[in-house]
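Peer 1:
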Amino acid sequence: MTGILDEALQRLSGTGPEHDGWLSNHGPMAAESLVHHGRAAEVHCWIDSYERRLDETPRGIAPIPADEWREPLGDPVRTGDWLAFFDHAVHTAPWRDVLTLWWPRLLPGIAAGATHGVIRVGHAVRALLAEETGQRVTELGQGLAYWAARWQPLSPAGSGPYPRSDPRSALDALPRIPDQRSGIRSRLAQLADLPGWPSAAGAVPGSAQEPVEARLAAIVTAAIHNHTIHGYGNPVLLVHAATAPAAVLRTLPVLPPALHGPSLAAAWAATAAVTAAYAPPTPRAYVPVPTDPESVLQRAVESGDAHAIKFADAAIEAWTRAPDPLLLAAADNATDLIAGE
């Protein structure tokens, strides 16, 4: 059944990273999630329904020289060029070396494509750690290319004291942008003028004595919990407050230790930014309903929505690390909220 993921990636290989404007292509990410959780038999049926909305791979303008990458970074017009650049890179050097080279270059722009760049890379890395195949190496290149094309730095984080040491309290204390009516680029731009943003984004919750993996896992868990009471504001976009740090956590095992600290800081900044931009200031009461991992994933698959599938994936993964029933209930709640949009 593991070959089904490669078949799915091959089916999607002619599609671009976006469709209908700036909407991200979730096909590879959702397919990897389903295979990872033992639902390979449902992948092709899901793609049958999903792929009709996708666009073809964009054409390039001009090749990007290896030593002149800075100028086209973050230029979506060069998406086709970045796809060609990284396809060549991952097939002419070990994929781990390519990832290690480009991760610190791309990390400051973690907001790329509403964080879908880093999320797609995280799914590709998890697939490669399960089994290294040519199609999965290609998919990693596609994810890195999307990240590079939509590279978007967040407003600079500060340093200094921040009064919240655990991620859940830190998320609760985040300031909110004043205008939550526009798209993500406009919302993230408001962070620069948001009082308290630099200190909130720059102080990663948790103790410096804790392992980076544990602190990242705590951020993912807090963001999943937070969705239950704030997800009503924008259930789809707030999914990324959890799935972005989950992607960083999945990538951490193949990164050198020197990149772990910066990865943690960027992951927290992404979670904080999405929360500040989309979470309404007033929480809504939530009563969890007991469930189990199989039921959670089944409901997400039946919804047909890729965000519901990816959020269920992250919640089940977090539950596997620490069996907190609220994580599974949060995923079911997110599926309901997304379906109700």
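When you line the sequence shown up against our numbering, it's residues 1 to 341, in that order.
Just so it is clear, CB atoms sit at the ideal spot from N, CA and C, and this is done for glycine as well.
How close, in whole Å, do the beta carbons of V274 and H240 come, if the pair is a contact with beta carbons under 8 Å?
Peer 2: Indeed, because the Cβ distance is near 5 Å, the residues count as touching under 8 Å.
Peer 1: Relative to the C-alpha of A285, which candidate in V125, I229, T100 has its C-alpha closest?
Peer 2: Of the listed residues, the one whose Cα sits closest to A285 is I229.
Peer 1: What does the alpha-carbon distance come out to for the pair E7 and G143?
Peer 2: Near 17 Å, if we compare the C-alpha coordinates of G143 and E7.
Peer 1: What are the start and end residues of each continuous alpha helix (DSSP H) run of 4 or more residues lying completely inside the stretch 305-336, in chain order?
Peer 2: DSSP runs (the alpha helix (DSSP H)) wholly in the stretch 305-336: 306-321.
Peer 1: Hey, which unbroken runs of the alpha helix (DSSP H) at 4 residues or more fall wholly within the stretch 105-135?
Peer 2: Counting only runs of 4 or more, we get 116-130.
Peer 1: Could you pull out every residue in the same chain whose Cβ sits closer than 8 Å to the Cβ of R53, ignoring the five residues on either side in sequence?
Peer 2: H19, D20, listed in sequence order.
Peer 1: I need the DSSP call for T348, collapsed to helix, strand or coil.
Peer 2: Any question about residue 348 goes unanswered here, given that the chain covers just 1 to 341.
Peer 1: With H, G and I counted as helix, E and B as strand and the rest as coil, what does DSSP make of S169?
Peer 2: Here S169 sits in helix by DSSP.
Peer 1: Less than 6 Å between C-beta atoms, sequence neighbours within five positions excluded: which residues of the same chain meet that for H44?
Peer 2: Taken in chain order, the list of residues that qualify is empty.
Peer 1: Under the rule that 16 or more other beta-carbon atoms within 10 Å means buried, what is T92, buried or exposed?
Peer 2: Exposed.
Peer 1: What are the start and end residues of each continuous alpha helix (DSSP H) run of 4 or more residues lying completely inside the stretch 271-308, in chain order?
Peer 2: 293-303, all fully within the stretch 271-308.
Peer 1: Taking all protein chains shown into account, do 16 or more other C-beta atoms lie within 10 angstroms of the C-beta of I61, making it buried, or fewer, making it exposed?
Peer 2: Burial call: exposed.
Peer 1: Does A41 pass the burial test, meaning 16 or more other C-beta atoms within 10 Å, or should it be called exposed?
Peer 2: That one is exposed.
Peer 1: Do you know how far the Cα of E68 is from the Cα of A222?
Peer 2: The straight-line gap from Cα to Cα measures roughly 39 Å.
Peer 1: By the 10 Å Cβ neighbour count, where 16 or more other Cβ atoms means buried, how is E302 classified, buried or exposed?
Peer 2: By the neighbour-count rule (16 or more Cβ atoms within 10 Å), E302 is not buried but exposed.
Peer 1: Between L171 and E213, is the Cβ-Cβ spacing less than 8 Å?
Peer 2: No, these two residues do not count as a Cβ contact at 8 Å.
Peer 1: State the start and end residues of the unbroken alpha helix (DSSP H) segment that holds W22.
Peer 2: From DSSP, W22 is part of no alpha helix (DSSP H); its letter is neither H nor E.
Peer 1: Going by DSSP, name the residue or residues bridged to Q152.
Peer 2: I110, per the DSSP bridge assignment.
Peer 1: Can you tell me whether D97 is buried or exposed? The criterion is at least 16 other CB atoms within 10 Å of its CB, across all chains shown.
Peer 2: With fewer than 16 other Cβ atoms within 10 Å, it is exposed.
Peer 1: Just to confirm, is the Cβ distance from V204 to R187 under 8 Å?
Peer 2: Cβ atoms of V204 and R187: not closer than 8 Å.
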